[in-house]
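Structure first, commentary second.
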Amino acid sequence: MTQTTRERFDAHMASISAAIADMPVGKDMEAFLNEKYPASSPIFADIESLCRQAIAEGWMCKEGRGDVRWGRVSEPSPKLHDFSVDVVSMAHDYGPHHSHPMGEIVLTMPQTPAARFDSCDAGWLVYPPGSGHYPTVTGGPALVLYLLPKGKIAFTR
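In the working numbering, the protein residues as written are 5 to 161.
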């Protein structure tokens, strides 16, 4: 039996969340993720492809309009070691200011060579607990996947 897009995506998220479940959210986690799942890896390519397929299938990035679409893909659960999963599709824009009470683990998937998320190229970016920002995409469209410990996020504007 062939796995569906959703099953394959969920399996990657379960595997990644298991790998980081006991790590503090911070720069060491970022280094670990970029070493274990770099932008040049088959897993990164598969996650990016699955995100594109899921958007086309209509179960990912269901909210928003135009060049800014988003959506929660998975709520925190034991299978995901209490992380939620969200995906945003943005082009040349910034999102609402928010803070990360427990941190934020971001996977940036540029859709053009010049695209950046918060000035970062393809790969992992980890914001520590208590940090905040206006999520910003420049240089072209990007898919941005983020894991939130216990699904915690606080929109401030």
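By construction, the Cβ of each residue, glycine as well, lies at the ideal position given by its N, Cα and C atoms.
Beta-carbon proximity check, residue i vs residue j, cutoff 8 Å
i	j	result
PRO225	PHE159	Any answer about residue 225 is impossible in this case: the structure gives the chain only from 5 up to 161.
VAL1	MET33	Any property of residue 1 remains undetermined from this structure, which presents the chain solely from 5 to 161.
THR112	GLY127	yes
VAL77	VAL91	yes
PRO139	GLY107	no
HIS102	GLY143	no
Distance between beta carbons of residue j and residue i, contact taken as under 8 Å
i	j	result
ILE51	HIS16	5 Å
Close-in-space but distant-in-sequence residues of the same chain around residue i (CB under 8 Å, 5 per side omitted)
i	result
VAL141	MET94, ALA95, HIS96, ASP97, TYR98, ALA119, ARG120, PHE121, VAL148
ARG56	LEU147
PRO54	At residue 54 the sequence reads Leu, which differs from the Pro that was named. Closer than 8 Å at Cβ, skipping near neighbours: THR9, ARG12, PHE13, HIS16.
Other residues of its chain near residue i: CB distance less than 7 Å, five sequence neighbours each side excluded
i	result
SER21	LEU84, HIS85, PHE87, LEU151
LYS154	PRO80, ASP86, MET106
Pairwise C-alpha distance: residue j and residue i
i	j	result
THR8	MET64	14 Å
GLY134	HIS104	5 Å
GLU79	LYS156	10 Å
SER19	ARG69	31 Å
ASP125	GLU39	15 Å
VAL29	GLY62	31 Å
LYS31	ALA23	15 Å
LYS66	VAL89	14 Å
PRO42	ALA58	22 Å
LEU37	ILE47	12 Å
Proximal residues to residue i (C-beta, below 6 Å), its chain only, five neighbours per side dropped
i	result
ALA35	none
ALA25	HIS85
PRO114	ALA126, ALA146
MET27	MET33
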